[in-house]
Amino acid sequence: MTPKARSDVHVNLPALQKLDAMLIEVMDSMVDTEYWYEESGSRADGRGKNNGPRQSKKWWLPSPRVPEQGLSQFRRKRLVFQAKLVHQILKAAKSINEQVLFQMPIPAAVMDALPKSGRASLGEDLYHAITTEYIPIEEIFVSLSLKSEHSVLETINRLEGAVFAWNQRILDERSKRSPARHSWNFMKDSSSELQKMSACIDRVDTLVQLLKSRFPNLPPTFIDVLKVQYNVDIGHAIVEAYSRVLVGVAFSILSRVAEILLEDDLIKEPNTPTATLKFDLSSDVYLAGITETPPGHIRRSLMDQISLVDGRFNTVVKKKGVKQLRW
Numbered sequence: 042m043t044p045k046a047r048s049d050v051h052v053n054l055p056a057l058q059k060l061d062a063m064l065i066e067v068m069d070s071m072v073d074t075e076y077w078y079e080e081s082g083s084r085a086d087g088r089g090k091n092n093g094p095r096q097s098k099k100w101w102l103p104s105p106r107v108p109e110q111g112l113s114q115f116r117r118k119r120l121v122f123q124a125k126l127v128h129q130i131l132k133a134a135k136s137i138n139e140q141v142l143f144q145m146p147i148p149a150a151v152m153d154a155l156p157k158s159g160r161a162s163l164g165e166d167l168y169h170a171i172t173t174e175y176i177p178i179e180e181i182f183v184s185l186s187l188k189s190e191h192s193v194l195e196t197i198n199r200l201e202g203a204v205f206a207w208n209q210r211i212l213d214e215r216s217k218r219s220p221a222r223h224s225w226n227f228m229k230d231s232s233s234e235l236q237k238m239s240a241c242i243d244r245v246d247t248l249v250q251l252l253k254s255r256f257p258n259l260p261p262t263f264i265d266v267l268k269v270q271y272n273v274d275i276g277h278a279i280v281e282a283y284s285r286v287l288v289g290v291a292f293s294i295l296s297r298v299a300e301i302l303l304e305d306d307l308i309k310e311p312n313t314p315t316a317t318l319k320f321d322l323s324s325d326v327y328l329a330g331i332t333e334t335p336p337g338h339i340r341r342s343l344m345d346q347i348s349l350v351d352g353r354f355n356t357v358v359k360k361k362g363v364k365q366l367r368w
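Count along the sequence shown from 1, add 41, and you get the number used in our numbering.
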C-alpha cells in the first residue's frame with residue numbers, strides 16, 4: 042500500500058506553507074524604508090518611557106521613527122498595501138487554526154471536571170439574557186460592559202463552558218431516551234427542553250462570534266488550551282501549532298505597522314492627502330486589549346484554571362464510583 046497523507050493535513054499543511062512564504066516575502070520586501078527604530082527616550086524631543094504617546098505601549102521595544110516631514114505618499118501607500126496583505130494572511134491562518142481547534146475533541150480525561158450546568162457557568166444575569174429569546178444578541182453584547190481583554194476572555198470562557206454543559210446534557214438525554222422506559226408525555230417534555238437548549242446554544246455561538254469579531258486578538262480560550270494541552274493527535278498538533286505561530290507573526294507585523302502609521306500621523310496634518318492613507322488595523326478598535334491586560338496575568342489565569350481542572354480530575358480518579366455533583 043502507498044502511504045497517503047490525511048485529508049486535513051494534506052489540505053492545510055501546503056496552505057500554511059504558502060502563507061508562511063508570503064509572510065517571509067512581505068518582510069523581505071521591507072527594505073530601503075523611510076522609517077527606522079531607536080531605543081525609547083533617545084529622540085531629541087525627550088520622549089521616553091514615562092512620557093509621550095508611547096507611555097501605555099510596549100516601552101521595552103524600540104520606537105519607530107519617521108522623517109520630520111513624514112513618510113512620502115508612495116512609501117505610506119506601499120506600507121498600507123503590505124499591511125492589508127498581512128491582514129489577509131492573518132485571517133487565513135486564523136481560520137485554519139479555528140477549524141482544527143473545532144475538530145480537536147475535548148479530552149475525556151477532564152470532561153468530568155468541567156461544568157455540568159449552563160446556569161452555573163453563565164451566572165444568573167447572563168443566563169437569563171441568553172434564555173430570553175426576545176433579547177437581541179447585540180443588546181446582550183452591550184449590556185456586558187466589557188472594559189478589558191481579560192474580561193472578554195473570561196466571558197467567552199463562561200459561554201463556552203455553558204455550551205459544553207448543554208451539549209453534554211443533550212447527548213445524555215438522547216442516549217437515555219427509550220420508548221419502552223418512558224411515557225409519551227415524558228418524552229415530549231424532554232424533547233421540548235432539548236430544543237430550548239439547542240436554541241440557547243445557537244444564541245451563545247452567535248454571541249461568541251460577535252465577541253471574537255470585536256476583539257480579534259484574544260488569547261486562546263480555556264477549552265482551546267485544554268484541547269491543545271491534552272491533544273494526542275500528531276496531525277492536529279502540527280496544523281494547530283503551525284497556524285498559531287503564523288497568526289502570531291502576522292499580528293506582530295500588523296502591530297508594528299500600526300505604530301509606524303501612528304508615528305507618521307503625529308507629524309502630519311490630519312487632512313493632508315498622505316495622512317488620509319490609513320489602514321483599519323491601525324485603529325484602536327483592532328488593537329483594543331493589546332496593553333489593557335498584561336499577557337502574563339492572562340496566562341496565569343489560564344494556568345490557574347487548568348490546575349483547577351487537573352485537581353478536580355485527580356479527585357474524580359481517586360474517588361471512582363462517586364459521581365460529581367452538578368454545579
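C-beta: ideal position from N, C-alpha, C; glycine also.
Can residue i and residue j be called in contact, C-beta distance under 7 Å?
| i | j | result |
| --- | --- | --- |
| residue 130 | residue 63 | yes |
| residue 448 | residue 111 | With the chain represented from 42 up to 368, any question about residue 448 goes unanswered, as that position is not in the structure. |
| residue 252 | residue 193 | yes |
| residue 107 | residue 243 | no |
| residue 198 | residue 247 | no |
| residue 105 | residue 300 | yes |
| residue 57 | residue 232 | no |
| residue 241 | residue 172 | yes |
| residue 127 | residue 295 | yes |
| residue 372 | residue 185 | No answer is possible for residue 372: the residues shown for the chain start at 42 and end at 368. |
| residue 206 | residue 157 | yes |
| residue 47 | residue 75 | no |
| residue 281 | residue 52 | no |
| residue 124 | residue 298 | yes |
Please report the straight-line C-alpha distance between residue i and residue j, rounded to a whole angstrom.
| i | j | result |
| --- | --- | --- |
| residue 293 | residue 102 | 12 Å |
| residue 303 | residue 120 | 12 Å |
| residue 239 | residue 277 | 28 Å |
| residue 182 | residue 148 | 30 Å |
| residue 200 | residue 145 | 18 Å |
| residue 213 | residue 134 | 35 Å |
| residue 208 | residue 152 | 12 Å |
| residue 169 | residue 66 | 50 Å |
| residue 132 | residue 143 | 16 Å |
| residue 60 | residue 78 | 27 Å |
| residue 188 | residue 196 | 12 Å |
| residue 342 | residue 191 | With a pLDDT of 49 at residue 342, under the threshold of 50, the predicted position of this residue should be treated as unreliable, though the coordinate-derived value follows. Cα to Cα, residue 342 sits roughly 9 Å from residue 191. |
| residue 264 | residue 249 | 13 Å |
| residue 109 | residue 271 | 53 Å |
| residue 44 | residue 137 | 24 Å |
| residue 150 | residue 268 | 11 Å |
| residue 166 | residue 100 | 39 Å |
| residue 245 | residue 178 | 9 Å |
| residue 279 | residue 254 | 26 Å |
| residue 159 | residue 273 | 28 Å |
| residue 139 | residue 216 | 29 Å |
| residue 266 | residue 260 | 10 Å |
| residue 275 | residue 118 | 42 Å |
| residue 256 | residue 291 | 16 Å |
| residue 114 | residue 80 | 26 Å |
| residue 154 | residue 286 | 30 Å |
| residue 70 | residue 49 | 32 Å |
Using the DSSP secondary-structure output, state which residues sit across from residue i in a beta bridge.
| i | result |
| --- | --- |
| residue 24 | Residue numbering for the chain in the displayed model covers 42 to 368; residue 24 lies beyond these limits and cannot be assessed. |
Tell me the residue span of the alpha helix (DSSP H) that contains residue i.
| i | result |
| --- | --- |
| residue 63 | 48 to 69 |
| residue 18 | Nothing in the structure corresponds to residue 18, since the chain is present only between 42 and 368. |
| residue 152 | 149 to 152 |
| residue 217 | 190 to 217 |
| residue 270 | 263 to 270 |
| residue 302 | 275 to 308 |
| residue 162 | 159 to 163 |
| residue 72 | Segment: none, residue 72 is in no alpha helix (DSSP H) and carries neither H nor E. |
| residue 139 | 114 to 144 |
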